[in-house]
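Residue numbers (the UniProt record's numbering): 1 to 630.
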Amino acid sequence: MENKKHFVIDFDSTFTQVEALDVLGEISLANNPRKKEKLQELKDLTDLAMGGKLAFRESLERRLEILEANISAIPELVENLKNKVSVSFVRNEEFFKEYKDNIYIISNGFKEVIVPIVKELGVKEDNVYANTFVFDSDGNITGFDQDNVLSSNNGKVELLKKMGLKGDVYVIGDGYNDYEIKAAGLANKFYAFTENVERDDVLDKADHITPSLDEFLYLHKMNKAISYPKNRIKVLLLENVHADAVAIMKNEGYNVTTISGALDEDELAEKIKDVSVLGIRSKTNLTAKVLENANRLIAVGAFCIGTNQIDLEACLKKGVAVFNAPFSNTRSVVELAIGEIILLMRNLPDRIAEMHNGEWNKSAKGSYEIRGKKLGIVGYGNIGSQLSVVAEAIGFDVYYYDLVEKLALGNATKCNSLQELFEQVDIVTLHVDGRKENKNMIGDKEFGWMKEGTIFLNLARGQVVDVDALRKHMESGKITGAGVDVFPKEPKTNQEEFESTLRGLPNVILTPHIGGSTEEAQENIGNFVPGKIINYINTGGTTNSVNFPNLQLPTLENAHRLIHIHHNKPGIIAHINKILAAHDINIVGQYLKTNETIGYVITDIDKEYDADVIKELKGIQGTIKFRVLY
1 MENKKHFVID FDSTFTQVEA LDVLGEISLA NNPRKKEKLQ ELKDLTDLAM
51 GGKLAFRESL ERRLEILEAN ISAIPELVEN LKNKVSVSFV RNEEFFKEYK
101 DNIYIISNGF KEVIVPIVKE LGVKEDNVYA NTFVFDSDGN ITGFDQDNVL
151 SSNNGKVELL KKMGLKGDVY VIGDGYNDYE IKAAGLANKF YAFTENVERD
201 DVLDKADHIT PSLDEFLYLH KMNKAISYPK NRIKVLLLEN VHADAVAIMK
251 NEGYNVTTIS GALDEDELAE KIKDVSVLGI RSKTNLTAKV LENANRLIAV
301 GAFCIGTNQI DLEACLKKGV AVFNAPFSNT RSVVELAIGE IILLMRNLPD
351 RIAEMHNGEW NKSAKGSYEI RGKKLGIVGY GNIGSQLSVV AEAIGFDVYY
401 YDLVEKLALG NATKCNSLQE LFEQVDIVTL HVDGRKENKN MIGDKEFGWM
451 KEGTIFLNLA RGQVVDVDAL RKHMESGKIT GAGVDVFPKE PKTNQEEFES
501 TLRGLPNVIL TPHIGGSTEE AQENIGNFVP GKIINYINTG GTTNSVNFPN
551 LQLPTLENAH RLIHIHHNKP GIIAHINKIL AAHDINIVGQ YLKTNETIGY
601 VITDIDKEYD ADVIKELKGI QGTIKFRVLY
């Protein structure tokens, strides 16, 4: 007879994303002038108790004193917490239904709050063990039932002793008192649940760290809502990508790690070894050397417009799809360009600096309106073309140059060369990409073509301008103002000093690569890029990939999807189909697209397959990557 399994699950910060008493504090202290201070005290007491650094009973008593709560707040608290159930718990509702007789919620929280929430996922009320409140005649919470074993120190251990569960016992929780159950010999294993909170003291004690319920179910080969182990997809997000991106990927079930700064080549080569998805911005370089260690890498997200920091060809040869956000911060860059042009035309950088130094220099000399001035845009892509429209609307005459034939918007005038553009405009602004052919595209010769008194902006890529040449022509007076947001060499973190030959020049605006750094842009990027990566992982679709053949695929229904990435050579698709036919497998849909380097074949089949099929498909000569979607 199979040994019976029991699952002991904590409530606060495990079953729910938050601590219930912290949320109760938000309600009960809403009008308290010391609300912020009291809530922090509450959180600190919780962390001390959960980390095993403060006796639980003392923590509980002190927290209830701080709360000053009434019974009338409980319904609002329950409704609030129903929306805060951990995402992976909601996703795996079937687990709670299937094992309802063997799932126990054991919490140092309060039954009045817990029962209405866990019952919605099918947990039996009789299997909920928690404290209960004590109220006075006015309904004020004055304490807790001190006879309840869970109100005492080491209460969970004492309760488990009384329960005497027969069989295997597995504990899932985020607190030190959850670990104590295992330490007392009352559980087979303790799983530190980190979907919502990570406590170092607890992680050190865990038999296994489980970033979601999916991970636990996967390890135990149990019913899962997800059809493949998404929790095994490790995501590394660098450079402070927006919190929305982190949340989206965690909600999808991925195991997400974030690092605030950029990593150099050696650091990234070490970190990337077990990473499935990498997210970077502009300061981290993904090189061929790094990719040599990236044997599990599926996709890369550039949380920005440019991708010149990524070796796209090396990614392609490795079978790694790259996605960026080509439109998400366009408006932000355009607005910065307009703002800087106005400031520079009025010579405001110097006037502002003088005022801060106590100097009053009221003068119209060298200060001009923008109306009727000629704006020259180099690069008429997403940003350049939108800038064209906005600039014309506020009075500029717009001229542009692009290597590719682009339709003029509004009344913009197309120029046939950089020289033709530079010789007639008053302001030059660059909006080109960072491809190697563009390195130092604006140097001494090009500055020489510009009119005396030109205003110059580079909000594109640092390497496209020879900054020594820019300084020379500013010192000569040829360029009378400059706005530069990007530099050939940029600090990796906010702690590093910024060094540039452009520092100290008059009428110059230097900004730390923040053209797209608005709350709106980062939020847009944080939502756009993860969506493309998740779609690629879930369906194989490569729409908007910057290096893969673009394929938009239908949702997979009642089939298995075989994804085959290979070197672009004749006969691969015929070989795939021959293998499937030999195993009597019918193809219900097939999609193929190639570029110069790789071929990308998606095959949907309508029946089960055995390991030999997968082995043979992986063994086709020229195969780069192969995976299966269910």
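Here a beta-carbon is modelled for each residue, glycine too, at the ideal position from N, C-alpha and C.
If we call anything under 9 angstroms between Cβ atoms a contact, is residue i one with residue j?
{"i": "glycine 481", "j": "isoleucine 455", "result": "yes"}
{"i": "tyrosine 170", "j": "phenylalanine 7", "result": "yes"}
{"i": "valine 246", "j": "alanine 269", "result": "no"}
{"i": "aspartate 485", "j": "asparagine 527", "result": "no"}
{"i": "threonine 518", "j": "serine 332", "result": "yes"}
{"i": "isoleucine 620", "j": "isoleucine 605", "result": "no"}
{"i": "alanine 286", "j": "isoleucine 259", "result": "Going by the sequence as given, residue 286 is leucine instead of alanine. Taking 9 angstroms as the Cβ cut-off, leucine 286 and isoleucine 259 do not qualify as a contacting pair."}
{"i": "asparagine 293", "j": "lysine 273", "result": "yes"}
{"i": "phenylalanine 548", "j": "threonine 542", "result": "yes"}
{"i": "lysine 100", "j": "lysine 84", "result": "no"}
{"i": "phenylalanine 95", "j": "methionine 222", "result": "yes"}
Taking residue i as the reference, give the member of the options with the closest Cα.
{"i": "residue 632", "options": "Thr518, Arg461, Val404, Ala69", "result": "This structure leaves residue 632 out entirely; the chain is present only between 1 and 630."}
{"i": "glutamate 557", "options": "Gln522, Phe528, Ile533, Val588", "result": "Val588"}
{"i": "valine 18", "options": "Glu37, Ser86, Glu61, Gly51", "result": "Ser86"}
{"i": "glycine 568", "options": "Glu608, Ile576, Gly622", "result": "In the sequence as presented, glycine is not what sits at residue 568; that position holds asparagine. Comparing Cα positions, the closest option is Gly622."}
{"i": "lysine 445", "options": "Val467, Leu407, Ile427", "result": "Val467"}
{"i": "aspartate 145", "options": "Phe15, Gly109, His575, Leu278", "result": "Gly109"}
{"i": "leucine 344", "options": "Ala325, Glu335, Ile563, Ser367", "result": "Ser367"}
{"i": "asparagine 140", "options": "His575, Gly376, Ile71, Leu159", "result": "Ile71"}
{"i": "aspartate 207", "options": "Leu39, Ala187, Tyr218, Glu195", "result": "Ala187"}
{"i": "leucine 67", "options": "Phe133, Tyr99, Leu54", "result": "Phe133"}
{"i": "leucine 403", "options": "Glu359, Asp433, Leu348, Gly483", "result": "Asp433"}
{"i": "glutamate 79", "options": "Tyr104, Phe422, Val113, Phe96", "result": "Val113"}
{"i": "glycine 453", "options": "Val389, Lys436, Arg346", "result": "Arg346"}
{"i": "glutamate 437", "options": "Lys119, Asn308, Lys532", "result": "Asn308"}
{"i": "alanine 391", "options": "Ala581, Ile341, Arg503, Thr493", "result": "Ile341"}
{"i": "isoleucine 298", "options": "His564, Leu21, Lys578, Ile9", "result": "His564"}
{"i": "leucine 77", "options": "Lys119, Lys35, Ala20", "result": "Ala20"}
Taking all protein chains shown into account, do 16 or more other C-beta atoms lie within 10 angstroms of the C-beta of residue i, making it buried, or fewer, making it exposed?
{"i": "leucine 203", "result": "exposed"}
{"i": "asparagine 31", "result": "exposed"}
{"i": "alanine 611", "result": "exposed"}
{"i": "valine 23", "result": "buried"}
{"i": "asparagine 550", "result": "exposed"}
{"i": "glutamate 363", "result": "First, the amino acid is wrong: residue 363 is serine here, not glutamate. Exposed."}
{"i": "glycine 410", "result": "exposed"}
{"i": "aspartate 147", "result": "exposed"}
{"i": "glutamine 522", "result": "buried"}
{"i": "glutamine 386", "result": "buried"}
{"i": "lysine 618", "result": "exposed"}
{"i": "threonine 210", "result": "buried"}
{"i": "valine 277", "result": "buried"}
{"i": "glutamate 195", "result": "buried"}
{"i": "proline 570", "result": "exposed"}
{"i": "serine 417", "result": "exposed"}
{"i": "lysine 82", "result": "exposed"}
{"i": "proline 349", "result": "buried"}
{"i": "lysine 182", "result": "buried"}
{"i": "methionine 249", "result": "buried"}
{"i": "asparagine 544", "result": "buried"}
To which residues does DSSP link residue i through a beta bridge?
{"i": "glycine 301", "result": "Gly279, Phe323"}
{"i": "lysine 578", "result": "Lysine 578 pairs with nothing; no bridge assigned."}
{"i": "residue 631", "result": "As shown, the chain starts at 1 and ends at 630. That puts residue 631 outside it, with no answer to give."}
{"i": "isoleucine 509", "result": "Gly483"}
{"i": "isoleucine 565", "result": "Tyr600, Lys625"}
{"i": "histidine 473", "result": "For histidine 473, which the question treats as bridged, DSSP gives no partner whatsoever."}
{"i": "tyrosine 400", "result": "Ile377, Lys414"}
{"i": "glutamine 590", "result": "Thr603"}
{"i": "leucine 430", "result": "Val378, Asn458"}
{"i": "tyrosine 191", "result": "Ile172, His208"}
{"i": "glycine 143", "result": "Val134"}
{"i": "leucine 237", "result": "Thr258, Gly279"}
{"i": "histidine 560", "result": "Ile605"}
{"i": "valine 465", "result": "Ile442"}
Could you tell me how far apart the beta carbons of residue i and residue j are, in whole angstroms, since I believe they sit closer than 8 angstroms?
{"i": "isoleucine 352", "j": "isoleucine 370", "result": "With 8 angstroms as the limit, isoleucine 352 and isoleucine 370 do not qualify as a contact, their Cβ atoms being about 18 angstroms apart."}
{"i": "glutamine 463", "j": "lysine 439", "result": "5 angstroms"}
{"i": "histidine 431", "j": "glycine 384", "result": "4 angstroms"}
{"i": "valine 241", "j": "phenylalanine 303", "result": "5 angstroms"}
{"i": "serine 212", "j": "glycine 185", "result": "With a Cβ gap of about 27 angstroms, serine 212 and glycine 185 do not count as contacting."}
{"i": "tyrosine 401", "j": "threonine 413", "result": "Actually they are not in contact, since the Cβ atoms of tyrosine 401 and threonine 413 sit about 10 angstroms apart, beyond 8 angstroms."}
{"i": "leucine 48", "j": "leucine 54", "result": "4 angstroms"}
{"i": "leucine 421", "j": "valine 378", "result": "7 angstroms"}
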